[in-house]
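Take 3 as the starting number for the sequence shown in the numbering used here and just add one per residue.
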Amino acid sequence: MKTYDIIIVGAGPGGLTAGIYAGRQGTKTLILDKGLAGGIGREVPLMENYPGFDTISGFELVEKMKLQCMKYIELHENEIVKNIEKNNDNFLVTTHKDEYCGKTIILATGSSHKHLEIPGEEEYLGKGVSYCATCDGLFFKDKDAIMIGGGNSALQEAIFLDNVGCNVTIIHRRDELRAQQYLQKEIKERNIDVIYDTTVEEIKGNALVNSVILKNVKTNEYSEFKTQGVFVGIGYKPHNELAKKLNVELSESGEIITDKHQRTNIENVYSAGDICGGLRQWIVACGEGAIAATSAYEDIHNHK
Ligand code: NAP
Numbered sequence: 003m004k005t006y007d008i009i010i011v012g013a014g015p016g017g018l019t020a021g022i023y024a025g026r027q028g029t030k031t032l033i034l035d036k037g038l039a040g041g042i043g044r045e046v047p048l049m050e051n052y053p054g055f056d057t058i059s060g061f062e063l064v065e066k067m068k069l070q071c072m073k074y075i076e077l078h079e080n081e082i083v084k085n086i087e088k089n090n091d092n093f094l095v096t097t098h099k100d101e102y103c104g105k106t107i108i109l110a111t112g113s114s115h116k117h118l119e120i121p122g123e124e125e126y127l128g129k130g131v132s133y134c135a136t137c138d139g140l141f142f143k144d145k146d147a148i149m150i151g152g153g154n155s156a157l158q159e160a161i162f163l164d165n166v167g168c169n170v171t172i173i174h175r176r177d178e179l180r181a182q183q184y185l186q187k188e189i190k191e192r193n194i195d196v197i198y199d200t201t202v203e204e205i206k207g208n209a210l211v212n213s214v215i216l217k218n219v220k221t222n223e224y225s226e227f228k229t230q231g232v233f234v235g236i237g238y239k240p241h242n243e244l245a246k247k248l249n250v251e252l253s254e255s256g257e258i259i260t261d262k263h264q265r266t267n268i269e270n271v272y273s274a275g276d277i278c279g280g281l282r283q284w285i286v287a288c289g290e291g292a293i294a295a296t297s298a299y300e301d302i303h304n305h306k
C-alpha cells in the first residue's frame, strides 16, 4: 500500500492550494476527488474579486490551479473516497479503486447545492430544473426561466442567464434580498423582475417543465407561473460524511470546526474550504488550504 505524508480529500480551491503548499514543502502528498478538480467552483461564471485577475471564470482558475498543483503532487480525479479510519498512528483511506495510508488527512470535501425538496424537483432535473446556470443557462436562450433564492449565488446566476438571452425572473421567499449591494444594483439596472414573499411549491410539466406553482407567503394565495426553466440557488449543504466517520467535530449546520491553524479536534486531521463554513469565497478556501498544509507539515516534523 502506498504511504503519503498528507492525503487531501477534495480538489476544490482549498484542496488544490493545500496540494501546492504541501508539494512545495516537500511532503509526499496525494489529492483524491470524487469528480473533476474544482468541484462546484468550476461553475462560478465570473469572479471579479480574486486578486490578480480583473475577471476570471471558476473553470479557468481551476484549470490553472490544477496544473500548478500537479507540478508537485499526485492528483487522482474521479476516485471516490469510501472510508477513512485511524490505523495505529496513520489513517487508512479506502476508495472505490484502492487503499492508501496517510500520516495526516486534510478534509476539503466542499459542499453541494441545497435542494428545495418539492414535488417535481427530482422528476424534472435536467428537463428544466438545474442548479447551475453556468452549465445549463445556454439551453434557455430566448426562453423564460425562474431563479429561486435571494443570495449572492441566485443574483449572480440570474445575471448570467440575462447575459445569455434568457428572460429570467427571481423568486425570493422574503421581502428583501440577501445578496451584496453591487449585485442588487445590477439586477435593478438590467430590469430583472423579482417576485418577493413567494415560495415555489411545485414544479409541473409534461416531458419538460412548463410551469411552477407559487405561494405568496403573506397572503397564502397560490398561482401558476409559466416557465421553461427552474434554476435553484438557495445555498449549499456541507459534505461531511467522511468527517463524521472520523468523529471530527461539526457545527450545528454540519460544517467542520477548526482552530485558526485549520486543525480539527482529531489529531493530524485538518480541514479547509467551504466544508469549514464562514465566508464562502475562493480566496478564503485557498488561504485555509495553505494553512492546513503548513500545519500538517509542522505536525509531521514535530512527531519525528
Ligand atoms: P445564501 O447566502 O445562504 O443564500 C441562500 C438564499 O436562498 C437566501 O436568500 C435564502 O433565503 C434562500 N433560501 C434558502 N433556503 C430556501 C428554501 N428552502 N426556499 C427558498 N429560498 C431559500 O447562499 P448563496 O447565495 O448560495 O451563497 C452562499 C455563500 O457563497 C455566501 O457566503 C455568499 O456570500 C457566497 N457567494 C459569494 C459570491 C460573490 O461574492 N459574488 C457569489 C456566490 C456566493 P433567506 O434570505 O430568506 O434566508
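Note that the Cβ used here is the ideal one computed from N, Cα and C, for glycine as well.
These numbers were taken from a predicted model, which means no experiment stands behind them.
- Put simply, the backbone Cα of Leu32 is about 17 Å away from that of Ile293.
- Distance from the C-beta of Leu77 to the nearest heavy atom of the ligand NAP is not below 8 Å.
- Residue state for Cys103 is assigned as strand, using DSSP reduced to three classes.
- The DSSP assignment places 135-138, 154-165 as complete runs of the alpha helix (DSSP H) inside the region 114-168, in order along the chain (cut-off: 4 residues).
- In this structure, Gly153 and Ala181 form a Cβ contact; the two beta carbons are roughly 5 Å apart against a cut-off of 8 Å.
- In this structure Thr5 is exposed. Its beta-carbon is surrounded by fewer than 16 other beta-carbon atoms within 10 angstroms.
- Around His98, the same chain offers Glu81, Ile82, Lys84 as residues with beta carbons nearer than 8 Å, after the five sequence neighbours per side are excluded.
- Ranking Asp56, Asn51, Leu34, Glu87 by CA distance to the CA of Met72 puts Leu34 first.
- Excluding residues up to 5 positions away in sequence, Pro15, Thr19 lie with their Cβ nearer than 6 Å to the Cβ of Cys288 in the same chain.
- Boundaries of the alpha helix (DSSP H) harbouring Glu65: 60-72, taken from the DSSP string.
- For the set Phe233, Arg265, Ile268, Ala295, the Cα lying nearest the Cα of His117 is the one of Phe233.
- Here Glu50 is actually not in contact with Gly60; their C-beta atoms are around 12 Å apart, not less than 8 Å.
- No Cβ-Cβ contact shorter than 9 Å links Ala274 with Gly256.
- Taking the Cα of Cys168 as reference, the smallest distance to any Cα among Leu94, Arg176, Lys145, Arg175 is reached at Lys145.
- Here Leu77 is bridged, per DSSP, to Ile33.
- According to DSSP, residue pairing for Gly231 in a beta bridge involves Ala147.
- With a 10 Å radius around the Cβ and a threshold of 16 neighbouring Cβ atoms, Lys246 comes out exposed.
- Here the alpha carbon of Thr29 sits roughly 10 Å from the alpha carbon of Ile9.
- Boundaries cannot be given for Asn90, as no alpha helix (DSSP H) includes it and DSSP labels it neither H nor E.
- Between the region 222-231 and the region 106-121, the count of Cβ pairs shorter than 8 Å is below three; the stretches do not touch.
- Apart from sequence neighbours up to five positions away, the residues of its chain that approach Ile285 with a beta-carbon distance below 8 Å are Asn51, Tyr52, Pro53, ordered along the chain.
- Cβ-Cβ separation between Val211 and Gly130: approximately 3 Å, consistent with a contact (criterion under 8 Å).
- Gly16: member of the alpha helix (DSSP H) spanning 15-26, first to last residue.
- In this structure, Asn267 has its beta carbon at no less than 8 Å from each heavy atom of the ligand NAP.
- Taking Leu248 as the centre and dropping the five residues before and after it, the same chain places the C-beta of Ile86, Ile268, Val271 closer than 7 Å to its C-beta, in chain order.
- Taking the C-beta atoms as reference points, Gly237 is found nearer than 9 Å to Ser155.
- When C-alpha distances from Gly12 are compared across Gly112, Lys143, Asp91, the shortest belongs to Gly112.
- Excluding the 5 residues flanking it on each side, Cys103 has same chain C-beta neighbours closer than 8 Å at Met3, Lys4, Thr5, Tyr6, Asn89, Asn92, Phe93, Leu94, Val95, in chain order.
- Cα atoms of Pro240 and Leu109: separation of roughly 12 Å, rounded to the nearest angstrom.
- One thing to note: Val202 has its Cβ within 9 Å of the Cβ of Ile215.
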